Amino acid sequence: MNESVHLSSQFDEDLSRLRTHVLQMGGLVETQVSAAIDAYATGEIASVKSIVETDRRVNELEKAIDDDCAHIIAKRQPTASDLRLVLGISKIVTDLERAGDEAKKIAKGVRRIYEGGHMPSQYGVGIRHLAEAALSMIRQALDAFARLDTELAKSVIRADTDVDTEFKSIIRQLITHMMEDPRTITTSIDIITIARAIERIGDHAKNVSEQVIYVVEGRDIRHMGKEAAQ
Amino acid sequence: MQIQDTPTLKAEARNLNFFYGENKALKNINMPIYDKKVTALIGPSGCGKSTYLRSFNRMHDLYPGNRYEGEIRFFPDNTNLLGSDVDPIEVRMRIGMVFQKPNPFPKTIFENVAYGLRVRGETNKRVLEDKVEHALKGAAIWEEVKDRLPEQAPNLSGGQQQRLCIARALATDPELLLFDEPTSALDPIATGAIEELIHELKKRVTILIVTHNMQQAARVSDYTAYMYLGEMIEFGKTDEIFIKPQDKRTEDYITGRMG
Chain A
0 MNESVHLSSQ FDEDLSRLRT HVLQMGGLVE TQVSAAIDAY ATGEIASVKS IVETDRRVNE
60 LEKAIDDDCA HIIAKRQPTA SDLRLVLGIS KIVTDLERAG DEAKKIAKGV RRIYEGGHMP
120 SQYGVGIRHL AEAALSMIRQ ALDAFARLDT ELAKSVIRAD TDVDTEFKSI IRQLITHMME
180 DPRTITTSID IITIARAIER IGDHAKNVSE QVIYVVEGRD IRHMGKEAAQ
Chain B
0 MQIQDTPTLK AEARNLNFFY GENKALKNIN MPIYDKKVTA LIGPSGCGKS TYLRSFNRMH
60 DLYPGNRYEG EIRFFPDNTN LLGSDVDPIE VRMRIGMVFQ KPNPFPKTIF ENVAYGLRVR
120 GETNKRVLED KVEHALKGAA IWEEVKDRLP EQAPNLSGGQ QQRLCIARAL ATDPELLLFD
180 EPTSALDPIA TGAIEELIHE LKKRVTILIV THNMQQAARV SDYTAYMYLG EMIEFGKTDE
240 IFIKPQDKRT EDYITGRMG
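Chains A and B are the protein sequences, given in the same order. Here numbering that gives the first Met the number 0 is used: the first residue of the first sequence is 0, the next is one more, and so on. Here numbering that gives the first Met the number 0 is used: the first residue of the second sequence is 0, the next is one more, and so on.
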């Protein structure tokens with residue numbers, strides 16, 4: 000990534016403001032995910048409302064950032080690393096916004112479960128572990144973007160495999176529970192929705208990290224398997 | 000979009016140095032020019048791109064004290080364009096040039112285009128008319144001037160004059176066309192017409208273009224070379240140069256980080 004300044008300081012400001020906005024948006028999404036996980040653990044249904052409200056701000060930021068990208072392309076015709084940064088950001092905000100949506104799904108699933116009674120304790124540990132892993136992926140992906148750190152981005156991509164494996168194992172457990180005791184089906188399905196949302200958050204963190212690598216190295220490693228992130 | 004076919008060489012600079020007297024303006028340039036492709040030369044003022052361009056048709060021969068070293072090979076016959084046995088007039092028949100400012104001769108539209116053919120000794124009126132029409136069509140200006148061929152060329156608009164100059168260059172059926180900032184004196188509409196024309200022309204002729212307009216290089220060329228202080232810093236497919244240049248100096252120039 001090119002850290003020298005442009006002849007046009009206005010252009011430098013435009014790009015730097017763009018990056019700041021992405022990090023702001025990322026911060027909000029991180030808060031959403033973290034709050035959703037807390038709600039799952041504690042049953043604090045009150046926080047569900049704030050997660051939904053934050054989502055509105057995330058959506059607004061996504062649109063504002065995309066609009067800024069369009070303006071920069073129209074006015075500056077960015078090339079090389081500048082172009083990759085703008086294109087990367089435009090994709091990153093899509094993934095961040097979707098990660099926010101997944102947090103909202105978690106929150107709503109939590110509300111359904113707790114409103115219908117109690118969280119069955121046997122599901123606690125696995126889900127929380129999965130959620131911590133996904134949250135950490137989102138944090139590191141944003142960190143990797145902030146510092147344009149491709150090594151960190153690569154480690155996030157590798158971490159996604161673990162999250163996927165863990166997700167599958169949770170699903171297997173839930174299927175067993177449902178077969179053993181059909182009364183758990185309603186709750187189990189809500190928990191599957193939550194687990195799925197967490198797993199998706201990990202995918203979005205991975206996508207963000209792939210874009211960081213594209214921005215810095217100009218390599219598009221999407222759909223190339225985890226070997227590409229070595 | 001990637002360029003799929005393997006291009007053939009039309010010309011190649013080999014260890015090319017050029018001196019304006021004591022001043023070394025080109026430093027060991029090695030670069031291929033691919034057949035029926037557009038190659039753009041970019042770089043800041045004074046980087047040597049026009050000097051390099053003008054070496055191809057021996058424009059520098061006109062001034063004493065100028066000196067070439069190395070070779071520019073021209074294919075398929077593998078002639079060294081800089082060889083002392085090569086007649087610059089012959090070279091210019093095969094390599095046409097279009098300049099920054101349109102420079103029509105103070106003659107009629109018809110005579111401007113017929114000029115190169117007459118120099119070649121063509122006198123048959125019928126042949127001249129056919130070739131002039133063909134060249135004007137090739138330069139996408141025929142429809143605009145077909146009824147005004149006896150008019151004075153300098154009365155045309157700037158964009159038309161430039162296309163007339165391209166027709167003049169095309170009339171002798173050149174194999175390589177050199178463009179030295181062909182649109183820098185034109186408005187955006189005329190510029191668009193020239194760029195569209197370049198796209199059409201590359202079906203039958205190889206093009207080497209010097210431009211200060213980076214977006215133009217990105218739009219019209221298949222290959223781009225970045226020059227700086229007389230050196231060839233980077234040569235590559237335009238798609239790659241503008242997305243992921245290999246050299247930090249190229250990156251700084253095309254992203255506007257260098258004065």
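Even for Gly, the Cβ is constructed at its ideal location relative to N, Cα and C. These numbers were taken from a predicted model, which means no experiment stands behind them.
Item: Looking at the secondary structure, which residues open and close the beta strand (DSSP E) in which Ile41(B) lies?; Value: Val37 to Ile41
Item: Give me the residue from Lys130(B), Lys26(B), Val112(B) and Ala12(B) with the minimum Cα distance to Asn56(B).; Value: Ala12(B)
Item: For Phe241(B), decide whether its Cβ has a neighbour in chain A, counting only Cβ atoms nearer than 8 Å.; Value: yes
Item: Tell me whether the beta-carbon of Lys36(B) lies closer than 8 Å to the beta-carbon of Tyr222(B).; Value: yes
Item: Decide if the stretch 209-217 of chain B is in contact with the stretch 29-48 of chain B; the criterion is three or more beta carbon pairs, one per stretch, under 8 Å apart.; Value: yes
Item: So, is the C-beta of Arg256(B) closer than 8 Å to a C-beta in chain A?; Value: yes
Item: Buried or exposed, going by whether 16 or more other CB atoms sit within 10 Å of the CB of Thr186(A)?; Value: buried
Item: Are the C-beta of Gly87(A) and some C-beta of chain B separated by less than 8 Å?; Value: no
Item: Terminal residues of the continuous alpha helix (DSSP H) containing Tyr39(A)?; Value: Ser8 to Thr41
Item: What ranges does the alpha helix (DSSP H) occupy inside the stretch 112-199 of chain B, keeping only unbroken runs of at least 4 residues that lie completely in it?; Value: 124-137, 141-144 and 157-169
Item: Taking any Cβ of chain A, which residues in the stretch 207-227 of chain B have a Cβ under 8 Å from it, in chain order?; Value: Met213, Gln214 and Ala217
Item: Between Ala204(A), Ala69(A) and Ala98(A), which has its C-alpha nearest Leu14(A)'s C-alpha?; Value: Ala69(A)
Item: Which residues does DSSP list as the beta-bridge partners of Ile71(B)?; Value: Ala12(B)
Item: For the beta strand (DSSP E) that Thr210(B) lies in, which residues bound it at each end?; Value: Neither: Thr210(B) is in no beta strand (DSSP E) and is coded neither H nor E.
Item: Give a yes or no on whether the minimum CB-CB distance between His222(A) and chain B is below 8 Å.; Value: no
Item: For Leu116(B), I'd like the list of residues in its chain whose CB is within less than 7 Å of its CB, leaving aside the five on either flank, ordered along the chain.; Value: Leu127, Lys130, Ala170 and Thr171
Item: Are any of the Cβ atoms in chain A nearer than 8 Å to that of Asp251(B)?; Value: yes
Item: Answer with yes or no whether the minimum CB distance from Arg83(A) to chain E is below 8 Å.; Value: The question asks about chain E, but that chain is absent: this structure's protein chains are A and B.
Item: Return the chain-ordered list of same chain residues with a C-beta closer than 6 Å to the C-beta of Trp141(B), the five sequence neighbours on each side being excluded.; Value: Leu135
Item: Tell me which residues of the stretch 122-146 of chain A have at least one Cβ-Cβ distance to chain B shorter than 9 Å, keeping chain order.; Value: none
Item: Just to check my reading of the structure: Val85(A) and Leu147(A) have Cβ atoms closer than 8 Å, yes? What is that Cβ distance to the nearest angstrom?; Value: In fact, because the Cβ distance is near 14 Å, the residues do not count as touching under 8 Å.
Item: On a CA-only basis, which of Arg18(A), Ala38(A) and Glu96(A) is nearest Arg56(A)? Give me that one, please.; Value: Glu96(A)
Item: Secondary structure at Asn79(B), three-state DSSP: helix, strand or coil?; Value: strand
Item: Can you check which of these residues, Tyr225(B), Arg167(B), Ile242(B) and Asp186(B), is closest to Ala39(B) by C-alpha distance?; Value: Tyr225(B)
Item: Could you please give the first and the last residue of the uninterrupted beta strand (DSSP E) stretch that includes Ile28(B)?; Value: Asn22 to Tyr33
Item: Mapping DSSP to helix, strand and coil, what is Val57(A)?; Value: helix
Item: For the alpha helix (DSSP H) holding Ala106(A), just list the boundary residues, first then last.; Value: Ala79 to Glu114
Item: List, in order along the chain, the chain B residues whose C-beta lies closer than 7 Å to that of Leu14(A)?; Value: None at all; the shortest Cβ gap to chain B is about 10 Å.
Item: For a contact meaning CB atoms closer than 9 Å, what does Gly42(A) contact in chain B?; Value: Going along chain B, no residue has its Cβ under 9 Å from Gly42(A), so there is no contact; the nearest lies around 50 Å.
Item: Roughly how far, in whole angstroms, is the beta-carbon of Lys104(A) from the beta-carbon of Arg157(A), given that I think they are within contact range, below 8 Å?; Value: The pair is not a contact, with the Cβ atoms about 25 Å apart (cut-off 8 Å).
Item: Measuring straight from C-alpha to C-alpha, what distance separates Ala113(B) and Arg167(B)?; Value: 7 Å
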